[in-house]
Every structure is written in structure tokens, then in C-alpha cells.
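With the sequence shown counted from 1, adding 90 to any position gets you my numbering. In this text, a Cβ means the ideal position worked out from N, Cα and C, and glycines have one as well.
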Amino acid sequence: MISLMALLRLSRPHFLMGGALMYAVGVAQGRAIGIATYLLGQAMVSAAQVTAHYVNEYADVEADRFVENRTMFSGGSGVLVEGGLGSSVAMRAAWVSTAVALFTAVAIAHTSPLAAILGLVALAVSWFYSIPPVRLLGTGFGEAATSAVVVGVVPLIGIAMTGGGPTTYLWWLIAALLPVHLAMMLIFELPDLETDRRANKRVLAVRVGKDATMVAISALIVLAFSIVAIGIFTGRLPHGLWWSAGSVAVGGILMVAAASRAKHQLSTLVAVATLAGAAGPGLVGSL
């Protein structure tokens, strides 16, 4: 009998909060919609997102056996390598969540074809990120693709669910959050840098090395802060988003400091908090 607790760990539900936040940001930019419509779109987003978790766990089970510095946000759930569940369970779970994503996309297509199409794009990336022959995580573009989906496609699904189109505010917010999310992705790769290298898992941090990764993280944080500041000074973003800029600046400094000292539990947690701190005021500004 499948352990429900093991399946919950495999699903890594804490990651779904990011998708929920970005979906809410998009919806808040449009007209008011009913709770049923809202939840239908959220179900599609979450189903596509959890599919990525299951597929990644299945595809990387051998590489995950080498993980030495597993954190809440990196190194996989550990369920498969600990023997809590078999690899086949992860794949079956992926097919179930894929079916949910497809079903909700079909239901959404009747009222918002664009939202349905974007949902299918997110679902495709969920599979192609880990599974050959594409396996985006080994190309050097997987991190950017993931960031584009979570911070770009998901809020666009949200606004499409309302029947509206992306606003200038939303485009600026997406542009600011993309580098923050990408920096977070790179922070997530640092704890497993050496073990991924031994397992020949060619994520971006492995390809460029630790020093270049740290430089890239710092540059991305500066870029995100600059985009928010320029948006505020030009009147494209409200002054309330100085809270976002502050979160990016403080969080960026803390995550880089923690990562440089190999404090991986702290650096990954701060990276997540930085993204939430940057996106949260963006949601408030949308209301």
C-alpha cells in the first residue's frame, strides 16, 4: 500500500505556493471572476507544476542517490532513494497529474482558449525539463525555461482567466521577478554542485562552475533591483513596490553571503523568501 505521507513528500507541496502566488498576481490584474473559475485555473497550474516534481523525481533518481546536502528546496524529496516509494509510483503520479492538467485545460478552453494554451505550454515544460530527448535541465536553458513558466506564463494564465490581457504593470512585474526567480534556481543548484558533477547532471551551475554561478546570482539581483527602480522612477510601477526592491536588495545580499559560506539550508530559504518578498507587494499593488 502506498504511504500517503511518502506521496505527499514526493509531491513537494511547498513548491506549489510560488505558482499560487504568481497566478494570483495575474488574476488580480483583471476583472473579478467567480471562485469556481479561479480554482479551475489554479488547479490547472498546480497540476502542471506537480507533474514537474514527479517527472523530475523519476528521471533523476540515480543522480539523487549522490546527494549529500539535501535541503527543503534542493536535492529532490529523497523519497525514492530512501525506498519509501518505487520509481514507478512517481511516473504513475505524473500521468495522473497530467490527466488533471489536460482535463482542466479542456474545461478552460471553452471560456479562455489562451489560458488553456498557456497551461499546455507549462505542462510541456514540466515534462521536457527532465525527460529525454529534450531534458532541458541538461542544456543550460532549463533554469531560464522554468523561470519563464513560473514567473511569466503562470501570471499570464491568471490574467487570461479573467478575459483580459496583460497590462503594462504586469509586464514590468514579470520582468523584475524573472531575474529573482532565476537567481533562486541557481541558489538551489549550489548544494548539489559536486554531486551533480559526479552524476554527470549538467545543470547550469555545473556547466559554469561555482564562481561564475555566484557572479550570475549577484548580477541577477542587481538587474531585478534596477528594473523595479526604473519602473518606479518612470511611473510604470507604483511607489509601493519599493518594498519589492528592498526585499530583493536585502534578500540578495543575505542569500549570496549564505551561499558563499556553504550555508545551504539558509541560502535556499532566503532565496525563496526573497522571491516571495518581491512578488508579495506586486500582488498588493494589483488589487
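Selection from the options that minimises the alpha carbon distance to residue i
i	options	result
Tyr113	Pro223, Ala138, Gly228 and Thr324	Ala138
Ala289	Ser167, Gly120, Thr127 and Glu158	Glu158
Arg121	Ala250, Arg326 and Ala153	Ala250
Trp333	Val346, Ala369 and Ile221	Ala369
Pro245	Trp261, Lys353, Leu327 and Ala235	Trp261
Phe231	Pro203, Gly254, Val196 and Leu276	Leu276
Leu97	Val115, Gln119, Ala184 and Ala153	Ala184
Val145	Ala118, Arg102 and Val117	Arg102
Pro223	Ala149, Gly166 and His271	Ala149
Gln270	Trp217, Gly342 and Ala118	Strictly speaking, residue 270 in this sequence is Val, with Gln absent from that position. When only C-alpha atoms are compared, the closest one is Gly342.
Ala189	Trp217, Gly168 and Ile317	Trp217
Phe156	Pro281, Ala306 and Ser308	Pro281
Trp173	Arg99, Leu192, Gly253 and Arg351	At residue 173 the sequence reads Gly, which differs from the Trp that was named. Taking only the C-alpha atoms, the option nearest Gly173 is Arg99.
Leu111	Leu267, Gly165, Thr161 and Asp286	Leu267
Asp180	Ile307, Thr229, Val305 and Leu94	What sits at residue 180 in the sequence shown is Ala, not Asp. Among Ile307, Thr229, Val305 and Leu94, the Cα nearest to that of Ala180 belongs to Leu94.
His200	Val298, Thr127, Thr324 and Ala309	Thr127
Leu313	Ala265, Lys291 and Leu331	Ala265
Gly254	Leu272, Ser202, Met345 and Thr285	Ser202
Met345	Thr324, Leu331, Ala309 and Gly325	Ala309
Thr285	Val241, Arg160, Ile125 and Ile221	Arg160
Val298	Leu175, His104, Thr229 and Arg182	Thr229
Leu272	Ser187, Ala302 and Val241	Val241
Own chain partners of residue i with C-beta closer than 6 angstroms, once the 5 adjacent residues on each side are dropped
i	result
Leu263	Gly372
Ala212	Ala138, Val239 and Val243
Leu327	Trp262 and Gly321
Asp154	Gly166 and Val171
Gln119	Ile249, Thr257, Leu260 and Ser376
Lys291	Ala153
Ser187	Ala137, Val140 and Thr141
Val215	Ala235 and Val239
Arg287	Val296
His354	Asn159, Thr161 and Pro281
Proximity test, residue i beta-carbon vs the ligand ADP heavy atom, cut-off 7 angstroms
i	result
Tyr144	Although the ligand ADP was asked about, the structure shown includes no ligands whatsoever.
Sequence-distant residues of the same chain with beta carbon closer than 8 angstroms to residue i, five excluded per side
i	result
Pro106	Residue 106 is actually Leu in this sequence, not Pro. Closer than 8 angstroms at Cβ, skipping near neighbours: Ser136, Gln139 and Val140.
Ile198	Leu130, Gly131, Met134, Ala205, Ala206, Gly209 and Met251
Ala319	Ala335
Tyr219	Ala142, Val145, Asn146, Arg225, Leu226, Leu227, Gly232, Ala235 and Thr236
Ala339	Ile311 and Phe315
Ser350	Met304
Ile317	Trp262, Ala265, Ala266 and Pro269
Leu175	Ile92, Ser93, Ala96, Leu97, Leu100 and Val169
Ile221	Val145 and Ala149
Ser196	Residue identity differs from the one stated: residue 196 is Val in this sequence, not Ser. So the list reads Ala206, once near-sequence residues are dropped.
For residue j and residue i, believed in contact at Cβ under 8 angstroms, the rounded distance
i	j	result
Leu365	Gly109	12 angstroms between Cβ atoms; not a contact.
Ala248	Val115	Checking the sequence shown, residue 248 turns out to be Gly, not Ala. Contact flag correct, Cβ pair sits at about 7 angstroms.
Thr194	Phe278	No, Thr194 and Phe278 are not in contact; Cβ-Cβ is about 28 angstroms, not under 8 angstroms.
Val117	Ile125	Not confirmed; about 11 angstroms, so no contact.
Nonlocal neighbours in the same chain, by C-beta distance under 7 angstroms from residue i, ignoring five residues either side
i	result
Val362	Phe163 and Met274
Leu283	Ala295, Val296 and Lys300
Val151	Leu170, Val171 and Ser177
His329	Ile322
Ala348	Leu356, Ser357 and Val360
Ala191	Met134, Ala137, Ala138, Thr141, Gly209 and Leu213
Ser337	Thr364, Gly367 and Ala368
Any C-beta of chain C under 8 angstroms from that of residue i
i	result
Ile221	The displayed structure is made up of one protein chain only, and chain C is not part of it.
(message) Extract the residue ranges of the alpha helix (DSSP H) inside the stretch 187-215, only unbroken runs of 4 or more that lie entirely within it.
(response) none
(request) Entirely within the stretch 222-273 and at least 4 residues each: give me those alpha helix (DSSP H) ranges in chain order. (result) Those alpha helix (DSSP H) runs which fall completely within the stretch 222-273 and span 4+ residues are 232-237 and 244-251.
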